[in-house]
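Q:
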Amino acid sequence: MSKVVPFPRYPLPTASGAHSSASRIPPVPPTSTYWSFPIASSTGSQRPRKTYMMGTLNATPDSFSDGSAHDTLPDALAYATSAVAAGADIIDIGGYSTRPGADYVSPEEEFSRVIPVVQAIRGLWQEGSGPGTVSQARNVKTAAALISVDTFRWEVAEEAVHAGANCINDVYAFTGPEYPLSQASAEHFVKMRQVARDLAVPVVLMHSRGEASANKDYSMYAYAADRGEEALFSKVYESNWGRRSMQP
Amino acid sequence: MNFSQVSTPGDNTTTHSADLRDLIRVKNLSLTVSFTDGSRWPSNQPAVQPVVITLAIAHDLRQTAQTDDLSHSINYSGIVSSIRKAIDGTSFPSVEALADLVCESCLTLHSHIQDIFVRISRPKALLYACAAGIELSRHRIGKAPPEETFFIEGLECHAIVGVNPCEREERQRVRFNIWLTRGTSRKSPFDFRNLTRKIVDNIQVSTYLTLEALASSVARVVLLYTAADSDRVTVKAAKPNALILAESAEVEVIRTLKDYQPVPTDSDGSPSTTVSPASSPFPSSKDDTKPSGNSSEDRDTRTTEPAPSTLTALLATLPRNSKTDSPTSYPHKATIALGANIGDRFANIERALRLIESPGADLQQGNGVPKVVIVDTSFMYETSPMYITDQPKFINCACMVDTSLEPRELLTFLKDIENAVGRVSTFRNGPRAIDLDILTFDSAILDTRPESERGTLDNLAGQLVIPHPRIAERERNAETFKRVRGAKLSSALLI
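Protein chains in written order, with UniProt numbering: chain A, 1 to 248; chain B, 1 to 495.
Following this line, the structure appears as C-alpha cells:
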C-alpha cells in the first residue's frame, strides 16, 4: 500500500469532457500523474521509497546567480529543460524571492515574471528542431513535467495553475507574509485554501516568520524550539478542515 | 501480599497482612481425587480423576533467610503429605469441598500458617474445556473471605466470528477463559457443566462480526446464569487463527449484570437502530449547531486535537459566507469510504466528493444548501485489489461528513453519485469508477437485511449494514481511518 499524491493536469482541456450529470459542478481536472510513497504494510515489509527531486526556477532578478536581469524566457526554458533532463520530477517556479532582505515585489510584477514562464514551458511541446530529434524529445518531456508555483498570493497561484502549474508551494502556508498573524492573515488563508480546493491541486505548506524584507524577530522562539512546528501544524490542520466553502 | 502470581487475572485475592510479603508456593501439585459429581460426563459412581493444586502460603521468610535454618520456615513437603492424608479415601461432592478441606487441613496442621491461597483445577471436569476449578484464600483469624473465583479454562468451540468473507462462511476455533468472582456460598455446588453447556450453545449459534461482541455475550450468559448483581465475570476470548504470526488475537472483558441493563431504543421506534449522536465517535465540527446537549463532550474531544491556534481563533472571527455557511443543522456524522479503480481514478474521487455536497443532496434539481457537507478528508492510498488480483489497483480514501440525511437516504444519494460518476454494475470487488460505502453513521448499528440473511456478506447490494462489514478487511481502511482526524473508531471495528 502506498500513500499517493495526485497532480491534476492544467490547463483544462477546452472541450472539458462534458460529464453529463456532473455538469452542475465545476469541471474536474484530469490527472497528470501521481506520486507514490510506499508505507510499511501490516506485515512489516517496507518497500524502497523514491525520492522526488524538485528543480527550482527562480524567475526573479535578485535570485539569479549573477544578480542581473537575466530572467528572460530563454534562460528559464533552458533551465527547465536541463533540470528535467537531469531527472527533476517537478519544477518550482517563483517570482518573489523569500531570501532574507529581498525586495518587495508587486502582484503585477510577480504575475509578469511567473505566468509567461509557466505558459512557455507548457508550450514547449511544439518547439524544437524537428520531429524525432533529441531536442524535440527533451522539449516534449519538459512540456509534460510537473510544475509547482512558489507564491503566497492566491491570484498568482490561481492564474499559474490555469496556465499549467500542477501544485501550489507557499512558504507562508496560506497566511501571507503578515506576522504575527492578524485578521488579514485569516482572510488570506481562507482565500488561498479556496483556490487550492477549487483547483484540486496538492499544496506545499512551509513555515516562515514574516516578510522576506523584514528584519525578523526570532526572540519569541528562543524558549520553544518547536513553536514553528506547532504553528505550521495548526495551519495544516485548518487547511484540511471542511470543504463546505467550496460550493459554487 | 499478592497471590496473583500463581493466579489469573480473574483472581481477586486481596491483601490480608500488609506487612507480610513473603510467599511459599507449591505449584501444580498433581493428585488423583475421587469426586461424586462425575468428570467429563455426569456419573452416579464416584470417579477418580486428576486434580492440580497450587498453594501459596504467606509466611515471613526473613528469619529463615537470615539463619538459613528450615525450622523457622514451613516445610512444604510436610504440607503436601498432610493434604494427601486429608483427602485419602474421601469422595468429594465438589471442587469447593475439596478446596475447603485443603485449606482447613493446612491451617489445622501447620500453626505457622496465617494466610493460604488455594487454586484447584480439574482438567477432566468438562467436555469442552481444558480445566475448571476454583481459587480461594483463607485466613486463620476471622471468617472466610467474602469472595472466591470459579474458572473455566481453555473452553473451545467453533463459531462464525469475524468480518472477512471467509469468516462469515466457515466456523473457526475460538477459545475462552472465564473467571467468575462471587461471594462465598456453600448452599449448592457450582454447576460448571450446566454453565459450560449454556455457553457453548450460545457461542455455536452466534454470528458476531467482532470478538468483542462474542466475548461480551459469553459474559452475559455467565452473569444471567448466576443472576447475582454482585457477581463479576472476566472473559478472555481468543481467535487462534486471526493473526498468522501470533498465537492468537484476544480480547478481554470484565462485566457485571449492570453492564447489560436494557438500552433505550431509538426514538423512531425501530429497535434495530441505535442512533445516538451523543456517543458519536467523532468530534463535532466547530460550528455545529445541533441541538443535543453534548457540546461539552464535543469540546473535550476537540481539545485532544491540536489546541486552537491563533489561526483557528482568527478564522472564527471571519464573517460567515451566508450562502455556504448557513445555519443548517446537520445532526448526523458519517464516514464514507471512496474507492476507484478504473478510468481517471483521482478525477472520479474528486468528482464524487464534489457531488456529495450537491445542493439539496439532489444531483438533478437540487437547490439550496447541501444536505451533506464534507468536514474532513483523508490522504489517498493506492492498494492492490483484494480477492481478485488481475485488476487495476484501487485508489482509496475516506471522508467525514455532517449530514441531515438519515442512513437510508444517504445510501440512496451515494448510489446516485456512483451512477453519475459512471459506475457500471459489475461483479462484486470488480472494477468500478467509484465505489462509495457508508462506514459509520453516528454510532448506529444497522442491518436492513432480514434477520435470517445476515450470515453472509454476499447480499449487501442495495442493503445497508453499518458499521460497514468490510470495514476491517481492508488494510487500507484501517490506515485511512487512522489519518482521518478525530476518527476515534474503536479498535473493535478494526480487528
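Quick reminder that beta carbons are idealized off the backbone N, C-alpha and C, glycines included.
Predicted, not measured: the structure shown is a model, and the values here were computed from it.
With the cut-off set at 9 Å, would you say B:V33 and B:G133 are in Cβ contact?
A: No. Outside cutoff.
Q: Between A:S208 and B:E382, how many whole angstroms is the CB-CB distance? I'm expecting something under 8 Å.
A: Actually they are not in contact, since the Cβ atoms of A:S208 and B:E382 sit about 32 Å apart, beyond 8 Å.
Q: Can you pull the DSSP bridge partners for A:P38?
A: In DSSP, A:P38 forms a bridge with A:S2.
Q: Apart from the five residues just before and just after A:M54, which ones in its own chain have a Cβ nearer than 6 Å to its Cβ?
A: Closer than 6 Å at Cβ, skipping near neighbours: I90 and D92.
Q: Thinking just about the alpha-carbon of each residue, which of B:Y225, B:N202, B:S137 and B:K124 is nearest to the one in B:G38?
A: The shortest C-alpha separation from B:G38 is found at B:K124.
Q: Compute the Euclidean distance between the alpha carbons of B:S452 and B:I160, then round it to the nearest angstrom.
A: Using only the alpha carbons, I get a separation of about 14 Å.
Q: With DSSP run on the structure shown, which of helix, strand or coil describes B:R119?
A: DSSP places B:R119 in strand when its eight states are reduced to three.
Q: Candidates A:D150, A:H188 and A:I39: which alpha carbon is nearest B:A311's?
A: In the sequence as presented, Ala is not what sits at residue 311 of chain B; that position holds Leu. Ranking the options by Cα distance to B:L311, first place goes to A:H188.
Q: Determine whether the Cβ of A:K50 lies closer than 9 Å to any Cβ atom of chain B.
A: False, the Cβ-Cβ gap to chain B never drops below 9 Å.
Q: What distance in whole Å lies between the Cβ atoms of A:I168 and A:V149, which are believed to be in contact at a cut-off of 8 Å?
A: Correct: roughly 6 Å between the Cβ atoms.
Q: Nearest-angstrom Cα distance between B:P189 and B:T90?
A: Each residue's Cα considered, the two are about 17 Å apart.
Q: Buried or exposed for B:H158, going by 16 or more other Cβ atoms inside 10 Å?
A: Exposed, since its Cβ has fewer than 16 Cβ neighbours within 10 Å.
Q: Please list, in chain order, the chain B residues whose beta carbon lies closer than 7 Å to that of A:A59.
A: Result: empty, since nearest Cβ-Cβ is about 29 Å, beyond 7 Å.
Q: Can you tell me whether DSSP reads B:L61 as helix, strand or coil?
A: If DSSP states are grouped into helix, strand and coil, B:L61 belongs with coil.
Q: Going by the CB atoms, is the gap between B:E148 and B:T184 shorter than 9 Å?
A: For B:T184 and B:E148, yes; Cβs fall inside 9 Å.
Q: Alpha carbon to alpha carbon, what distance is there between A:N139 and A:Q183?
A: The straight-line gap from Cα to Cα measures roughly 45 Å.
Q: Would DSSP call A:E178 helix, strand or coil?
A: Here A:E178 sits in coil by DSSP.
Q: First and last residue of the alpha helix (DSSP H) that includes residue 496 of chain B?
A: Examination of residue 496 of chain B is not possible in this model, given that chain B is present from 1 through 495 alone.
Q: Given that B:D344 touches chain A, what residues does it touch there, using C-beta distances under 7 Å?
A: Per Cβ cutoff of 7 Å: P30 and T31.
Q: Measure how close the beta-carbons of B:D60 and B:D22 come, nearest whole angstrom, since I'm counting them as under 8 Å.
A: Their Cβ separation, rounded to whole angstroms, is 6 Å, which keeps B:D60 and B:D22 in contact under 8 Å.
Q: Taking B:D442 and B:V465 to be in contact with their CB atoms under 8 Å, please state how far apart those CB atoms are, rounded to whole angstroms.
A: Between B:V465 and B:D442 the Cβ distance is about 15 Å, and since that is not below 8 Å, they are no contact.
Q: Short check: CB of A:P8 to CB of A:S32, under 9 Å?
A: Taking 9 Å as the Cβ cut-off, A:P8 and A:S32 qualify as a contacting pair.
Q: If you drop the 5 nearest sequence neighbours on each side, which residues of the same chain put their C-beta closer than 6 Å to that of B:I203?
A: Contacts found: C157 and A159.
Q: What does B:T317 reach in chain A if we use C-beta pairs closer than 9 Å?
A: The answer, in chain order, is Q183 and A186.
Q: What are the partner residues of B:G366, as DSSP defines its beta bridges?
A: In the DSSP output, where bridge partners are listed per residue, B:G366 has none listed.
Q: Whole angstroms are fine: how far does the CA of B:T403 sit from the CA of B:P331?
A: The straight-line gap from Cα to Cα measures roughly 6 Å.
Q: Hey, would you say B:F117 sits closer than 9 Å to B:T36, going by beta carbons?
A: Not in contact: B:F117 and B:T36 (Cβ atoms no closer than 9 Å).
Q: So with Cβ pairs under 9 Å, would you call B:A347 a contact of chain A?
A: By this cut-off, B:A347 is an interface position.
Q: Cα separation between A:L181 and A:A59?
A: Going from the Cα of A:L181 to the Cα of A:A59 covers about 28 Å.
Q: If I measure Cβ to Cβ from B:L29 and keep anything under 8 Å in the same chain, skipping five residues before and after, which residues do I get?
A: V52, I53, T54, L55, V80 and I83, listed in sequence order.
Q: Measure the C-alpha to C-alpha separation of B:S384 and B:F151 and round it to an integer number of angstroms.
A: Those two C-alpha atoms are separated by around 45 Å.
Q: Count the other CB atoms within 10 Å of the CB of B:D229; is the residue buried (16 or more) or exposed (fewer)?
A: Classification of B:D229: exposed, given that the 10 Å Cβ count is below 16.
Q: Tell me whether B:T426 sits in a helix, a strand or coil according to DSSP, three-state version.
A: With a pLDDT of only 45 at B:T426, under the threshold of 50, the placement of this residue in the model should not be trusted, and no figure is reported.
Q: To the nearest angstrom, how far is the alpha carbon of residue 249 of chain A from that of A:L124?
A: Here chain A has residues from 1 to 248 only, and residue 249 of chain A is not among them.
Q: Just the chain B side, please: which residues come within less than 8 Å of A:A200 by C-beta, in chain order?
A: Under the 8 Å cutoff, chain B gives E350.
Q: Confirm, please, whether the CB-CB distance from B:L209 to B:A337 is below 9 Å.
A: The answer is no: Cβ separation not under 9 Å.
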